[in-house]
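Numbering-wise, the numbering used here comes out as the position in the sequence shown, counting from 1, plus 570. Beta carbons: idealized from backbone N, C-alpha and C, even for Gly. As the structure is a prediction and not an experimental result, all values here were calculated from the model. Below is one structure, written out as structure tokens; the observations come after it.
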Amino acid sequence: ADRMAKRAPDADEWQRALASSLRIIGLARRRSGDLAGALAAQQESGRLYKSLIHRFPQDHDLNRHFAYSLQLAGDIFRRQGNLDDALLIYRQSLDITGPLHAKQPSNTEWLWTLAVNHERLGDILRAQGDLEGALRDYESYRARFTELLQMKKSATDWQRELVMSNEKVCDVLLALGERERALQRYE
571 ADRMAKRAPD ADEWQRALAS SLRIIGLARR RSGDLAGALA AQQESGRLYK
621 SLIHRFPQDH DLNRHFAYSL QLAGDIFRRQ GNLDDALLIY RQSLDITGPL
671 HAKQPSNTEW LWTLAVNHER LGDILRAQGD LEGALRDYES YRARFTELLQ
721 MKKSATDWQR ELVMSNEKVC DVLLALGERE RALQRYE
């Protein structure tokens, strides 16, 4: 795909295939511990998706893949301890998935990506000491998984995420000294 994409930079399907391949390569490199290589692959994947989106702005699938590539790059920044860049990247992904979800609220893939972005933003804000910001994002994380479970009550992985989101909300409430609110959530 790489050779074909370089030979024909306007061949959209080759560009799309290369972007997808780079995202997969980035995941493999991350799993093997090569964070620099993983980040480079995710950033190139994102660059290709962004270029395609400029030509096809209404292609929701491209937007979703771009948001996911950003999310993966944010994960790498986070693993490297670069929380400021991770925060910026997760917010960019959120800026894409939020409007996608608003256009099609029943699309579970967009809603799931939106929820995960809120969780990761909450984690970073909490690590940086912004407990109020973390609480807002954890509440959004929780709300998105509540929405998902309304669509498919039997999804055990979403049930688990809802429990985890509630725990994160309660942990932050306790850290803020709001014991009563936290206890109400646990009940």
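Through-space distance from residue j to residue i, alpha-carbon basis
{"i": "Y619", "j": "H635", "result": "7 Å"}
{"i": "G699", "j": "D629", "result": "38 Å"}
{"i": "D688", "j": "D582", "result": "The amino acid occupying residue 688 in the given sequence is His; Asp does not appear at that position. The straight-line gap from Cα to Cα measures roughly 31 Å."}
{"i": "Q613", "j": "E702", "result": "30 Å"}
{"i": "N633", "j": "L622", "result": "9 Å"}
{"i": "V733", "j": "S724", "result": "14 Å"}
{"i": "D572", "j": "P627", "result": "Below a pLDDT of 50, predicted positions are generally treated as unreliable, and D572, at 49, falls in that range; no measurement from the model is reported."}
{"i": "I659", "j": "L695", "result": "13 Å"}
{"i": "L588", "j": "R617", "result": "11 Å"}
{"i": "L642", "j": "H624", "result": "21 Å"}
{"i": "L597", "j": "G747", "result": "39 Å"}
{"i": "L753", "j": "D741", "result": "10 Å"}
{"i": "L640", "j": "D727", "result": "23 Å"}
{"i": "A610", "j": "D665", "result": "22 Å"}
{"i": "G603", "j": "D631", "result": "29 Å"}
{"i": "D655", "j": "R601", "result": "20 Å"}
{"i": "R661", "j": "S591", "result": "24 Å"}
Other residues of its chain near residue i: CB distance less than 7 Å, five sequence neighbours each side excluded
{"i": "A606", "result": "none"}
{"i": "N814", "result": "One cannot answer for residue 814 here, as it falls past the ends of the chain, which runs 571 to 757."}
{"i": "G692", "result": "A704, D707, Y708, Y711 and K738"}
{"i": "R586", "result": "L622"}
{"i": "L744", "result": "A752"}
{"i": "I595", "result": "A611"}
Close Cβ partners of residue i (< 6 Å) along its chain, the five nearest in sequence each way excluded
{"i": "W680", "result": "T667, L670 and H671"}
{"i": "E731", "result": "F715"}
{"i": "L684", "result": "T667, H671 and R714"}
{"i": "M574", "result": "For M574, the pLDDT reaches just 48, beneath the cut-off of 50, and the residue's location in the model is therefore unreliable, although a value from the coordinates is still provided. Result list for M574: W584, in chain order."}
{"i": "V686", "result": "none"}
{"i": "R749", "result": "none"}
{"i": "L657", "result": "I694"}
For residue j and residue i, believed in contact at Cβ under 8 Å, the rounded distance
{"i": "R593", "j": "S615", "result": "4 Å"}
{"i": "A608", "j": "I646", "result": "5 Å"}
{"i": "G644", "j": "R690", "result": "6 Å"}
Contacting residues, own chain, Cβ-Cβ under 8 Å from residue i (five flanking each side not counted)
{"i": "L653", "result": "F647, I694, A697 and Q698"}
{"i": "Y638", "result": "R593, S663 and T683"}
{"i": "Q729", "result": "L719"}
{"i": "R599", "result": "L605, G607, A608 and A611"}
Cβ contact check for the stretch 718–726 and the stretch 667–675: 3 or more pairs under 8 Å:
no
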